Amino acid sequence: MTRAELRGDELIAERDLSAAPDRVWAAFTSPASIAAFWGGSHATVPPNSVTVDLRPGGEFALDTHAPSGARRRLRFVYVSIAAPHELVFDEPATGLRTTVTVHPVGDGTHLTVHQRQLPAELQTSQAGFRTGDHPRILTTLTDDVEWVIHGHRSTRGKVEFDGEIENPAFTGSPELHVERVYEDGAAVVTMGEGRGVRVDGGPVHFAFNDLFTFPTG
């Protein structure tokens, strides 16, 4: 189970892992594991691009290759190291500070990743909706996306979903705040609150609780 909480410009994510603390620590400090951790569908990280100087004041850096062909070099500076329990590092380009805490729990590990001074564009997974940025939203979806509002209607495919991004009953973009994120296997639950302005009725304050399911394989 993964739990994540946004507190302004801070993100705290916790997860219980079946791996031993030493193995989890290695995932954050060895070049091959760093490449795997930072890579994903958004970008690949060539293992040979990762450099690690594991000491306070030392750096680790990596290259990201996006599907669009864009390439970027990321650089981080270690602030403090208490192996194998706590790792603190900064990203000079953004001011983001990350604290990784590893605690043994039974035969596994409790992992906490605490990020401070989170850039505004990363402070919510709903950032695209907040700005009405259609391309940004649609790039996060698969072609067979399905949005089911039980007892109301279903939206299938990117074309239909695009038509729902901005509701004509409202004016402007909504203000959304994700307060909790829970992950369990292929299911993710997000909870939060939002505000908007109806064309015919003034301001609206609402809460949301969304369940996302992802196909496996």
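So the sequence shown is numbered by our numbering: it starts at 48 and just counts up by one.
No residue lacks a Cβ here, since even glycine has one placed at the ideal position from N, Cα and C.
On a predicted model such as this, the values are computed, not experimentally measured, just so you know.
- Task: Have a look at Val71 and Thr156 and give me their C-alpha separation to the nearest angstrom.
- Result: 8 Å
- Quick one: is Val149 buried, meaning 16 or more other Cβ sit within 10 Å of its Cβ, or exposed? buried
- Query: How should Gly239 be labelled, buried or exposed, when 16 other C-beta atoms within 10 angstroms of its C-beta is the threshold for buried?
  - Reply: buried
- Task: Would you mind stating whether Pro78 and Pro94 have Cβ atoms separated by less than 7 Å?
- Result: Yes.
- Task: Let me know the secondary structure DSSP gives Phe75 once reduced to three states.
- Result: Looking at Phe75 - three-state DSSP - the assignment turns out to be helix.
- Buried or exposed (CB count within 10 angstroms, at least 16 for buried), Val206: exposed
- Query: When the Cα atoms are used, what is the spatial distance from Ser96 to Val135?
  - Reply: The straight-line gap from Cα to Cα measures roughly 21 Å.
- Kindly list the residues whose CB is nearer than 7 Å to the CB of Pro103, restricted to its own chain and excluding five residues on each side of it in sequence; keep chain order. Tyr125, Val126, Ser127, Ile128
- Item | Nonlocal neighbours in the same chain, by C-beta distance under 8 Å from Trp85, ignoring five residues either side | Val92, Leu109, Thr111, Leu121
- Using the beta-carbon count (16 or more within 10 Å), is Val147 buried or exposed? buried
- Message: Tell me which residues share the same chain as Ala73 and place their Cβ nearer than 7 Å to its Cβ, disregarding the 5 neighbours each side in the sequence.
- Response: Ser80
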